[in-house]
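Novice:
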Amino acid sequence: MSLPHLADPAGRYRTMRLIRSFEELALEWVRSGLVVGGTHPYSGQEAVAVGVCAALDPADQLTSTHRGHGHVLAKGADPGRLLAELLGRVGGLNGGRGGSMHAADFSLGILGANGIVGAGAPIAVGAAWAAQRRGEPTVVASFFGDGALNQGVLLESLNLASIWRAPVVFVCENNGYATTLPAASAVGGSACGRAAAFGIPAETVDGMDVEAVRAAAGRAVERARSGGGPSFLECLTYRFEAHHTMERRFRLSYRAAEEVASWRERDPLATDLPEAAAIDLEVAELLAAAAGFALASAEPDPATATDHLYASGLRPRSGAAL
Amino acid sequence: MSLPHLADPAGRYRTMRLIRSFEELALEWVRSGLVVGGTHPYSGQEAVAVGVCAALDPADQLTSTHRGHGHVLAKGADPGRLLAELLGRVGGLNGGRGGSMHAADFSLGILGANGIVGAGAPIAVGAAWAAQRRGEPTVVASFFGDGALNQGVLLESLNLASIWRAPVVFVCENNGYATTLPAASAVGGSACGRAAAFGIPAETVDGMDVEAVRAAAGRAVERARSGGGPSFLECLTYRFEAHHTMERRFRLSYRAAEEVASWRERDPLATDLPEAAAIDLEVAELLAAAAGFALASAEPDPATATDHLYASGLRPRSGAAL
Amino acid sequence: MTLLSYAKAMNRALADALEADPAVCVFGEDVGAGLAGLTPGLQQRFGAGRVVDVPLSEQAFTSAGIGAALNGMRPVIELQIPSLLFLVFEQLANQAHKFSLMTGGQARVPLTVVVPGSGSRSGWAGQHSDHPYGLFAHVGIKTLAPATPTDAYGLLSSAIRDDDPVVLFAPAGALGVREDVTAPLVPVPIGAARVHRAGSDVTVVAVGHLVHQALAVAEELAGEASVEVLDPRTLYPLDRAALVESLGRTGRLVVVDDSNRFAGFAAEVLAVAAEECRLLAPPRRVTRPDGAVLPFALALDRALQPDAEQLRDAIRAVLK
Amino acid sequence: MTLLSYAKAMNRALADALEADPAVCVFGEDVGAGLAGLTPGLQQRFGAGRVVDVPLSEQAFTSAGIGAALNGMRPVIELQIPSLLFLVFEQLANQAHKFSLMTGGQARVPLTVVVPGSGSRSGWAGQHSDHPYGLFAHVGIKTLAPATPTDAYGLLSSAIRDDDPVVLFAPAGALGVREDVTAPLVPVPIGAARVHRAGSDVTVVAVGHLVHQALAVAEELAGEASVEVLDPRTLYPLDRAALVESLGRTGRLVVVDDSNRFAGFAAEVLAVAAEECRLLAPPRRVTRPDGAVLPFALALDRALQPDAEQLRDAIRAVLK
Ligand SMILES: Cc1ncc(C[n+]2csc(CCOP(=O)(O)OP(=O)(O)O)c2C)c(N)n1
Ligand SMILES: Cc1ncc(C[n+]2csc(CCOP(=O)(O)OP(=O)(O)O)c2C)c(N)n1
Ligand SMILES: [Mg+2]
Ligand SMILES: [Mg+2]
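Now the structure itself:
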């Protein structure tokens, strides 16, 4: 049973809109200083998260990245709790302990965004291996960027998944840049070529087209679920905003204005769904409520700063012990 | 100008014989307790080291592995000083500080064996990059095993060399096993496929045939030297001995006796060179002299144990400072 | 009399854990062959699906262990060389250790990493001879260094059951230790030190294989002084109560620790003593030098490790 | 008056080094854009062949720096996040650090690693907020933590000229510091501490950005006590002579160090003091907690870092 909120085109549009509006609100909150530290906006890449998650079942899992809001929302996380997390409030997904880069909801199979590029992939492989060993039908989607293609641990993970025939779908969101570095000058060979070289079926899809992504992801999920092992999807996409909200300060010019404009013309949210306007309104209301929830959530008590440091309950010695 | 001692078939045979005899002597010395800690014997793989080095110039460089004696001798290191190194004597290549796994002779471009699988490759890339930047014609050969194909840092290095067009020849000695692990079950895809996926020209050669290796290495070196960037050679070979001398204690049976026998039939030292017998004698004499040199070399003084810890001359605080 | 070796004790702890809990599994290189001494016989007994030979991808298989742990497994990772811990430092310090707090307690990572043969194995030279337990203790990962077969059994058992990541160092110098075991083997709690020898003049805190050296020296000096030998067993979290209690009786401290001196485990023991105890004499550390890299030649390798003479000198110095 | 910022001072040190020595080069992510503040303008000035934008392959490009260093270059590696040091721990601790000894002095690895923005940058959470200088000091890699713009200039200059690997931590909390610079900027020797403020009652050893906090607290307590503020600047090798000299005068010690408590830099300072000095009162550490992982929420993040109140309390405690 696929994710109910992504079951039809309207649901997928609705979730993409939710992500976009969420990111716009987050940007505002960063600018106003409400969100400390900033975020990596997902705007422009919505079709990837939504297309992939549309192929997943509720019990399936995912690992995410520094640019994780889209993945987390697409899998079904509560936007109010994600906003509260960005605010560092106790009502946040992680109780305010993780922030934008570590948002997780294990109850939904969201094994966490991750601050280290490439780090999610081997975690996905291990999670998938464990599920497979126990005979569970779980498939794990692992999202990462083009920059992660040059991380050793990710390349090791492709091999490990391949020889283990682990039920993983590797999703490379190739948005053309790792921060300021063009993928074209950083990635020798090709993304799909690399996966294929490890013995993993790979295909490139239009990452601005949610239905194309969903179709390809569907094939990959089906292969994983039926014991066919991992697959690799390269989704060609683009981020509409800065790498990180902090980038504004630098006035960087690594992307030509025409390039940005031409990708913006391919906005994944462009739609001729008749109910789009109604959905947009609905999303706006939902987000307003989410914002209300987040803003009303309490600040954590500094006395709890080391809570959860050890799952076993060990309490660490204080840094000012006398 | 290629390495004079490898310039003709007799020289190449002679060096292969030197390596084999060296390894036999080292084995004896390990068994008798003269060499502490043991070695990773290179016997069986001689054609790879010699074939590749035969394509190098004296000013070219190499990085080696835990199984490094063959590479070091092929590039021209003094067998007496290498033996002295195995004995931990001051006359050793590294003054007895490195031992089998770290033998180096920077004066000959031997940037060191390395105890960590895969660790030599990025060092080779950086060395090659530096030479290229300065307009020097140096080519760097980087040796590693099939096990290293699964190390992240090696895979990262393939990419870095590719985008930098660094003058590196990656030499994968595929001897079928990483310790007890068959390459067939550990390496998803193929060795050459991986290199190709990073945009590096790759070919597989018979690693038991020194002339075949030399020819392929010659093409790769020529490409590197003329600005064509890195190449990758997969040399199919076999180790005739245990992974490490310590293995005898375990009576492992991961390789079928017939498999070992069939590879031994393809001994790279099998030759119909008329002067072979004379060369063997000559090598035996040379090695006897080398052994004499090594055995006569002094033991290092314990008071010098931290010498060279810092190139800047900083002397570390003692571990028993009062 | 049943002489149990240290290696065999660890093997048994792992076997018992695999037997008791289907969530336990092993990832490591050559674990099928049992090359490192931890796993002989286990793949045959529990299958290659639970005792898994992995490719030389330490970073990926360690993090795969994290992923498996997040999904309810209790993986044991075997690393053949102590310095492979450097290679997976990101995975342990930045991922495994941080998951619980960063997820607000949603996740736990019950991962055990074992290095059978840490420190110097004669003749393995600079890259194979480290004893980097202090790094993990500093980062805050539970860090164990059993000295005896029963403690090796007991601490490995506890590590596997623990809900946090744990790194267990089995010093090469202790692997050959044998013990006459009469009582049943049982888990040893993490965080509990052990007084191997009671004494009243000086407390020698000894780590891992050096416990045996300390006991020998204590015996040797019995006519001169009454030496207490305290084995922390768990380096982090340190059993401060046991330390403070012992120092309260002896008032004198020597730490013998086969790792680099600067900001190592011994430094922490001295710091705690300085903060919490009134010592009668300046304490002493017997360690490797600052920044030590062990040279290959045996005499040089030995010269950089704590030896009995240094320990004797240090004990005598604090008694002066 | 020329107000020089810390970031600008590092930028200038690097520019001067690139200018002075063709062997100097830079590898890092987004160094062309100068995102981390260390390299603005340098690629434009010295070319993309010397100030090299590299792919996200920290292990390979750090080791490539080693290879380049072996061939006579003096590479500067910029890492954007302190925890990337974990990712390249193998390359630094097991390769770069060991080459000289293991080759018997044949090789040198003059490699400088700079982390512009170590420690907590508010809101970057658990994986971006570490201050792992103690790890490198323990391993024996030269470890620097300048507190001021002139020291940042001077220590970075010295690091680049040094023939050994050096890791320089530029604390995020110090990057905004500005200084009125009148004298010419010069190299600062590695291994030399600096007394920022002389005092006679208590020595406060403060690391990095906390030097400024310590100075403020010292000022504030001026009526109560005469506080000496000692900045080691180089964490390893530690200027023990300066420490012992200061403690010889004051007899009281507080260390304030924004890293994990257990076996951290502060522990070493206390250990040295215990071994070599006679203190008049038990020393104190003000640090992060054991095993700290900084939570995202600002109030929690702050709660785990040393603050002025803790420092005041510690100073008063040792004065009692
Ligand atoms: C291993 C690692 N290196 C560097 C960084 C700093 N960093 C964070 S995001 C990023 C760029 C990532 O690019 P990509 O993988 O293409 O993802 P994108 O940002 O384009 O979504 C960098 C360099 C990091 N977090 N982890
Ligand atoms: C990164 C790393 N992992 C594990 C080891 C332990 N080890 C040493 S050699 C070896 C096998 C290497 O296999 P391969 O690369 O095929 O080289 P071969 O021994 O066959 O020559 C292993 C696992 C190591 N030294 N480094
Ligand atoms: Mg990208
Ligand atoms: Mg092999």
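These protein sequences, in sequence, are chains A, B, C and D. Sequential numbering from 1 applies to the first sequence in full-length UniProt numbering. Sequential numbering from 1 applies to the second sequence in full-length UniProt numbering. Sequential numbering from 1 applies to the third sequence in full-length UniProt numbering. Sequential numbering from 1 applies to the fourth sequence in full-length UniProt numbering. Built from N, CA and C at the ideal position, the CB exists for glycine as well.
#1: For the 8 Å Cβ check, are there 3 or more pairs between the segment 282-296 of chain D and the segment 281-296 of chain C?
#2: Residue 320(B): which of 231(C), 262(C), 176(C) sits nearest, CA to CA?
#3: Anyone know if the C-beta pair for residue 42(D) and residue 18(D) falls short of 9 Å?
#4: Please determine whether the Cβ atom of residue 319(A) lies at a distance below 8 Å from any heavy atom of ligand 3.
#5: Determine the DSSP secondary structure at residue 233(A), reduced to helix, strand or coil.
#6: Determine the contact status of residue 81(B) and residue 294(B), defining contact as a CB-CB distance below 9 Å.
#7: Please report the distance separating the alpha-carbon of residue 122(D) from that of residue 300(D).
#8: If you measure from the CB of residue 125(D), is any heavy atom of ligand 5 nearer than 8 Å?
#9: Look up residue 172(B) in the DSSP assignment and give the residues it is bridged to.
#10: For a contact defined as C-beta to C-beta under 7 Å, what are the partners of residue 234(A) on chain B?
#11: Report buried or exposed for residue 335(A), applying the criterion of at least 16 other Cβ atoms within 10 angstroms of its Cβ.
#12: Taking 9 Å as the threshold (beta carbon to beta carbon), is residue 263(D) in contact with chain C?
#13: Is residue 58(A) buried or exposed, if buried means 16 or more other CB atoms sit within 10 Å of its CB?
#14: Considering only their Cβ atoms, is the gap separating residue 12(D) from residue 270(D) smaller than 9 Å?
#15: Taking all protein chains shown into account, decide if residue 55(C) is buried (16 or more other Cβ within 10 angstroms of its Cβ) or exposed.
#16: Hey, does residue 50(C) have any beta-carbon neighbour from chain B nearer than 9 Å?
#17: Among all residues, which have a Cβ less than 6 Å from at least one non-hydrogen atom of ligand 3, and in what chain order do they fall?
#18: Less than 8 Å separating the Cβ of residue 66(A) from some heavy atom of ligand 1?
#19: Beta-carbon within less than 7 Å of residue 280(B)'s beta-carbon, same chain only, minus the 5 sequence neighbours each way: which residues are those?
#20: What residues in the segment 103-126 of chain C have a beta carbon less than 8 Å from any beta carbon of chain A?
#21: Check whether chain C comes within 9 Å of residue 296(D), counting only Cβ atoms and requiring the distance to be less than that.
#22: Could you check how far apart the C-beta atoms of residue 36(A) and residue 74(A) are, in whole angstroms? I think they sit under 8 Å.
#23: Note down, in chain order, all residues in the segment 43-68 of chain D with a beta-carbon under 7 Å from any beta-carbon belonging to chain G.
#24: Does DSSP classify residue 18(A) as helix, strand or coil?
#25: Would you verify that the beta carbon of residue 99(D) is, or is not, closer than 9 Å to some beta carbon of chain B?
#26: As a quick exercise: from 270(B), 68(B), 109(B), pick the residue whose alpha carbon is nearest that of residue 3(B).
#27: Here's the rule: buried if 16 or more other CB atoms are within 10 angstroms of the residue's CB, otherwise exposed. What is residue 252(D)?
#28: Hey, out of 122(A), 102(A), 53(A), whose CA is closest to residue 115(A)'s CA?
#29: Taking DSSP's pairing of strands, which residues face residue 76(C) in a bridge?
#30: Are the segment 227-239 of chain C and the segment 190-198 of chain C touching, with three or more C-beta to C-beta distances below 8 Å?
#31: According to DSSP, is residue 82(D) helix, strand or coil?
#32: How long is the line joining the alpha carbons of residue 245(B) and residue 291(B), rounded to whole angstroms?
#33: Residue 103(D): which of 322(B), 192(B), 311(B), 165(B) sits nearest, CA to CA?
#34: Starting from the N-terminal side, write out each stretch of the beta strand (DSSP E) that is 3 residues or longer and does not extend beyond the segment 250-292 of chain C.
#35: Would you mind telling me which residues of chain A sit closer than 9 Å to residue 29(D), beta carbon to beta carbon, in chain order?
#36: Give a single yes or no on whether residue 69(A) has its beta carbon closer than 8 Å to a heavy atom of ligand 1.
Specialist: In terms of the structure at hand:
#1: no
#2: 262(C)
#3: yes
#4: no
#5: strand
#6: yes
#7: 11 Å
#8: Of the ligands this structure carries, namely ligand 1, ligand 2, ligand 3 and ligand 4, none is ligand 5.
#9: 144(B), 234(B)
#10: Those do not exist, as residue 234(A) stays about 13 Å from chain B at its closest Cβ, beyond 7 Å.
#11: As displayed, chain A neither begins before 1 nor continues past 322, which places residue 335(A) out of reach and without an answer.
#12: yes
#13: exposed
#14: no
#15: buried
#16: no
#17: 145(A), 146(A), 147(A), 175(A), 177(A), 178(A)
#18: yes
#19: 17
#20: 103, 104, 105, 106, 107, 108, 109, 110
#21: yes
#22: The Cβ separation is near 25 Å, so there is no contact.
#23: Reference to chain G is not applicable here, since the protein chains of this structure are A, B, C and D.
#24: helix
#25: yes
#26: 109(B)
#27: buried
#28: 102(A)
#29: 26(C), 112(C)
#30: yes
#31: coil
#32: 19 Å
#33: 311(B)
#34: 253-260, 284-288
#35: 147, 178, 179, 180, 181
#36: no
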